[in-house]
Structure formats: structure tokens, C-alpha cells
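Numbering (full-length UniProt numbering), first residue to last: 1 to 298. Just so you know, even glycine gets a beta-carbon here, dropped at the ideal spot from N, CA and C.
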């Protein structure tokens, strides 16, 4: 593992999924602590506005429009970062989406697209970043979920994709840190439910508008964990007491957790009709919000 990582005010940080939610919170907090940023998402106008706002505040940032599911576009992100700033110190794979619906009702096309974003997007970012991180040392931070270690009914494909994120990240860490002895810290961040626009961005098969169950973390709490992993070598960091409790219960009493998970079904739906069932699975969003509907202002 990397023996040391740079302070944030000496880092160039690439953040995918930077146009909303955890990614945007991480961008704001990293900029406030002096980091230089490369902001990545599909939403070009939103990204440009975020970068311009940061520049107005005296922070250095560029934006690159890219779909993380496309390896060539992610390689271009790395190329642009190196061309503009000369190095990458931390790469944060934060882009993600979800699908609300029973596994036997979700189309294969939608399921594959979700994996292209959540899993292959993380793989693409990791492999694009690694050659540069190996050269100078640095951190690769992959954002998983407590769903990386337990299942969520009605978000089964999301759970599967986040399990895959953990499996890849753990294997990559062994190969890079321990087999190769490279000066790269590879971290997995596993938050519990977070108050982001994820439900509004989701592909929704339910008869009602989806929601995240309470209690929900503030996205800036997750951003703080990500930035901790950017500056302190970290293996795995669970965010929120419920993440630690839920994962521990899953390991000790998996059968009981299966039964208790049934109660998550009504807690993931509102009484309202679906607002946008298609979500942003195939198209960029344009909200530029950190918080979900009913949460704090962006």
C-alpha cells in the first residue's frame, strides 16, 4: 500500500458522476480544501456550470463530458487530465444509477445497461487511472454501497452490480498493492442510504414513485469518507452506523436479515405515481442537485 498520499491542496482529483449527488458533494468539498479537479459526467451543461461556479470561487477545475460505460471516453478523460494538469493523484469512481423493480420484471437490456454504468464504468475508470497512479503514487477510490455486501429487494440488480464492484476492487487491491507492491492505495467506500437524487434518476418499474428509506446520510458525509481515502491509505470504509450494523448482521444472521429485508419493500416506495419511470439510465440528467427531492437545496 502507498506509504503516503498528498494533502488535498496538492492533488489533482478526477471525479466521475460529478454532476449530482455524492460526486458533486465530493467536488465541492475537495475544491474547498484546495484540490484541483477534473469533473466527469454525461451532463455537459450542468458540468460546465459547476466548473464555472468553482472557478468563480477561485478553484481550479475542468470538466470532461463522458459516459463511463464507454472505455474510449474514459481513456479520453485520463488523457485530458494529464494534458491539462500533468498528473492524476486520485481517481474517484462515483458514477452510478439504480433500477427499482422485481428481478423477474426488469428487462435484460436495462439490467445490462445498469452493469455498464455501475460495474464497467468503475472498471473503465480504474484501468484508465492505474497507469498514471502507478507512475507517481496515488489513490483509487471506488464508491460501492452497503449493498456491496447485502441484498436489497426491489433493487436486486443494483445490489448485484455493487457486489461486483467490491469483488473487482478487492481483487485489484491484492494484485496492485500486495503482488506488485505498487504505491497505489485502492479503497472501497460503502455508505448506507444517502439523501441524493438517486431515486429520481432511477429506471422505475414500480407502480409508485421510489424513495430511499430513512435514515439517510448527508452526501457530504460520504464525500468526507472519499476525501479521507484520498489522503490516508484505506482499504474499506463503511459510512453511516447502519452500514456497519447491516453488514455485521448479514454476516452473523443472514437468514434473519432475509426475513427483515421484506420490510424494505414498502419503505422504498411513496404513495405517489411515478414521475419519470425512464429515469437517466440511458440519458443524462440535468438537475445538478446534491440532495434528493424533499432534501436540502442544491
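DSSP, reduced to helix, strand and coil, places residue 44 within a helical segment of the structure shown. Boundaries cannot be given for residue 149, as no alpha helix (DSSP H) includes it and DSSP labels it neither H nor E.
Residue 26 and residue 207 have their C-alpha atoms some 33 Å from each other.
Under the three-pair Cβ rule at 8 Å, the segment 231-251 counts as touching the segment 190-201.
Annotated as proximal: residue 204 and residue 274, with beta-carbon spacing under 8 Å.
Between residue 198 and residue 161, the CB-CB gap reaches or exceeds 8 Å.
Here the segment 262-277 does not lie against the segment 164-176, with fewer than 3 beta-carbon pairs under 8 Å apart. Considered as a whole, the segment 3-45 harbours 21-32 as its complete alpha helix (DSSP H) runs of no fewer than 4 residues, in chain order. Within the model, the alpha-carbon separation for residue 282 versus residue 251 is close to 35 Å. Note that the segment 61-70 touches the segment 31-40; at least 3 beta-carbon pairs, one per stretch, sit closer than 8 Å. Taking C-alpha positions only, residue 241 is separated from residue 195 by approximately 15 Å. Taking 8 Å as the cut-off, the Cβ atoms of residue 82 and residue 163 do not count as close. With a cut-off of 8 Å on Cβ pairs, the segment 101-114 is in contact with the segment 151-159, counting three or more such pairs.
Contact between the segment 115-132 and the segment 216-233 is absent: fewer than 3 CB-CB pairs across the two stretches fall below 8 Å.
Residues of the same chain with a CB within less than 6 Å of the CB of residue 44, apart from the 5 flanking positions on each side, are 65 in chain order. When 211, 119, 202 are compared, the shortest CA-CA separation from residue 272 is found for 211. Using a Cβ distance threshold of 8 Å, residue 279 and residue 202 count as a contacting pair.
Residue 68 sits in coil when the DSSP states are folded into three classes, being neither helix nor strand.
The C-alpha of residue 17 is placed about 7 Å away from the C-alpha of residue 96. Residue 224 and residue 91 have their C-alpha atoms spaced approximately 15 Å apart. Burial state of residue 55 is exposed, judged by a 10 Å Cβ sphere holding fewer than 16 other Cβ atoms.
Per DSSP, residue 231 is one residue of the alpha helix (DSSP H) stretching across 219-231.
Per DSSP, reduced to three states, the secondary structure at residue 118 is helical. Relative to residue 50, the option among 110, 23, 269, 260 whose CA is nearest is 23. If you check the CB distance, residue 89 and residue 200 do not come in under 8 Å.
Excluding its 5 nearest sequence neighbours in each direction, residue 291 has C-beta neighbours in its own chain below 6 Å: 195, listed in chain order.
Short of 7 Å from the beta carbon of residue 47, and not among the five residues preceding or following it, lie these beta carbons of its own chain, in chain order: 18, 19, 39, 41, 63, 65.
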